[in-house]
Amino acid sequence: MGRVQNKVAIVTGAAGGLGAEDARLLAREGAKVVVTDIDEDAGRKVAAEIGENAMFLRHDITSESDWQAVMKATTERFGGVDVLVNNAAILAYGTIEDTSLELWQKIQRINSDGYFLGCKYAVQAMKSRPGGSIVNMSSLAGIGGMSSFCAYSASKGAVAAMTRSIAAHCRMKGYKIRCNSIHPDGIKTPMVFNLHSTLKPGQMPAVRDAKEALSRMAEPRQIANLVLFLASDESDFINGAEMRVDNGWLMWAD
Ligand SMILES: NC(=O)c1ccc[n+]([C@@H]2O[C@H](COP(=O)([O-])OP(=O)(O)OC[C@H]3O[C@@H](n4cnc5c(N)ncnc54)[C@H](O)[C@@H]3O)[C@@H](O)[C@H]2O)c1
1 MGRVQNKVAI
11 VTGAAGGLGA
21 EDARLLAREG
31 AKVVVTDIDE
41 DAGRKVAAEI
51 GENAMFLRHD
61 ITSESDWQAV
71 MKATTERFGG
81 VDVLVNNAAI
91 LAYGTIEDTS
101 LELWQKIQRI
111 NSDGYFLGCK
121 YAVQAMKSRP
131 GGSIVNMSSL
141 AGIGGMSSFC
151 AYSASKGAVA
161 AMTRSIAAHC
171 RMKGYKIRCN
181 SIHPDGIKTP
191 MVFNLHSTLK
201 PGQMPAVRDA
211 KEALSRMAEP
221 RQIANLVLFL
231 ASDESDFING
241 AEMRVDNGWL
251 MWAD
């Protein structure tokens with residue numbers, strides 16, 4: 001038996017990066033996995049690689065009707081929803097001084113509104129099940145705040161606070177639905193590798209030292225292992241937790 005045997009898991013943003021690794025690991029541990037993303041070609045490849053226990057759905061997390069369609073298609077194919085990994089997000093450089101309102105709103109729309117919709121429809125779908133687990137991918141930026149990512153930090157802070165609110169609501173209502181957030185520092189995925197190629201001179205000078213930056217970054221599997229644990233019943237008393245995965249980066253050094 002796998003650690004999430006026969007659970008039905010939706011993973012957003014699973015066409016690549018961390019989401020793809022989450023989907024592979026959950027499937028390897030027995031889950032039926034719905035791979036969703038706006039990137040159809042890459043998403044279909046991930047689902048095909050996993051095999052018959054996976055399906056791909058084209059899904060823009062900012063669209064309420066897409067969420068309704070994903071919940072419906074998942075229930076029709078696999079019988080319900082037990083796990084939601086809210087993972088899809090975008091990252092763009094911008095301090096408070098050089099972030100436009102347009103960029104701010106674009107980031108909140110995906111990274112915050114998209115997660116709200118996912119949680120709303122997941123709670124609705126999981127209420128009638130024996131239990132459920134929502135895993136919200138936040139960031140160390142949502143705890144610490146990063147000067148170069150003002151809008152992104154705010155969106156990830158919103159995810160953390162929303163997570164706590166949902167956890168409290170589900171506990172008080174007696175739903176067996178847990179909601180937790182994960183806060184990684186850097187992860188070796190296209191999100192960060194693509195960011196570096198878009199930086200202009202003078203932006204983020206501290207991370208120009210690629211070797212130092214890489215030494216701080218996790219492999220996707222090191223984060224996916226925690227996603228698996230939170231998705232499984234092994235974590236059935238963990239609710240509303242804010243889990244940093246940063247190798248102690250936020251701690252004081254002496
Ligand atoms: N990479 C890091 O260093 C890092 C650090 C901390 C937290 N995170 C978080 O981890 C999660 C995964 O990040 P990643 O590094 O794998 O990123 P990534 O850019 O490699 O992958 C993100 C995926 O989300 C998809 N996506 C973007 N907008 C979407 C939308 N509107 N609807 C549906 N899908 C959409 C993309 O197509 C892509 O496949 C994100 O929530 C990110 O904020 C990443």
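Taking our numbering, I'd label the letters of the sequence shown as residues 1 to 254.
Yeah, the Cβ is synthetic: ideal placement off N, Cα and C, and Gly gets one too.
Predicted model, so just to flag it, every value in this text is computed and none were measured.
Considering only C-alpha positions, which residue in the set the options is nearest to residue i?
i: K200; options: D41, V85, V46 and S148; result: S148
i: A9; options: D60, T62, G79 and M1; result: G79
i: A141; options: A42, R129, G19 and V159; result: V159
i: K72; options: F237, A168, N225 and V34; result: V34
i: N86; options: E52, M162, T12 and A231; result: T12
i: S165; options: I187, S63 and N136; result: N136
i: L230; options: G248, K188, A253 and S181; result: S181
i: G131; options: L84, F56, G2 and I223; result: L84
i: R44; options: G51, F56, I38 and E52; result: F56
i: T74; options: A54, D246, N247 and N225; result: A54
i: R129; options: D82, A47 and I61; result: D82
i: S65; options: E52, A168 and G114; result: G114
i: Q222; options: I38, M204, C150 and D246; result: D246
i: M204; options: A42, R28, A92 and G51; result: A92
Any idea if residue i is buried or exposed, counting beta-carbon neighbours within 10 angstroms, 16 or more meaning buried?
i: M126; result: buried
i: P220; result: buried
i: S197; result: exposed
i: R216; result: exposed
i: N111; result: buried
i: D233; result: exposed
i: R178; result: buried
i: G202; result: exposed
i: N239; result: buried
i: A31; result: buried
i: E40; result: exposed
i: M162; result: buried
i: G94; result: buried
i: S133; result: buried
i: E21; result: buried
i: H7; result: Per the sequence presented here, residue 7 reads as Lys, with His not at that position. Under this definition K7 is a buried residue.
i: A168; result: exposed
i: D185; result: buried
Return the chain-ordered list of same chain residues with a C-beta closer than 6 Å to the C-beta of residue i, the five sequence neighbours on each side being excluded.
i: I143; result: H183
i: R244; result: H183
i: Q108; result: S155
i: G19; result: V11, G13 and N87
i: W67; result: L117 and Y121
i: R58; result: E40
i: Y175; result: K127
i: A224; result: E21, D22 and L25
i: I61; result: T12, A88 and G114
Leaving aside the five residues before and after residue i along the sequence, list all residues of the same chain whose C-beta is less than 8 Å from its C-beta, in chain order.
i: P190; result: G16 and G17
i: E49; result: R24
i: K188; result: L214, M217, A218, E219 and P220
i: E242; result: S138, I143, A160, T163, R164, N180, S181 and H183
Please report whether the beta-carbon of residue i lies at a distance below 8 Å from any beta-carbon of chain D.
i: A158; result: Note that chain D does not occur in the displayed structure, where there is just one protein chain.
If you drop the 5 nearest sequence neighbours on each side, which residues of the same chain put their C-beta closer than 7 Å to that of residue i?
i: G145; result: S153
i: G157; result: G142
i: C150; result: G94, T95, I96 and T99
Exercise. Are three or more beta carbon pairs between the segment 118-125 and the segment 98-110 nearer than 8 Å?
Worked result: no
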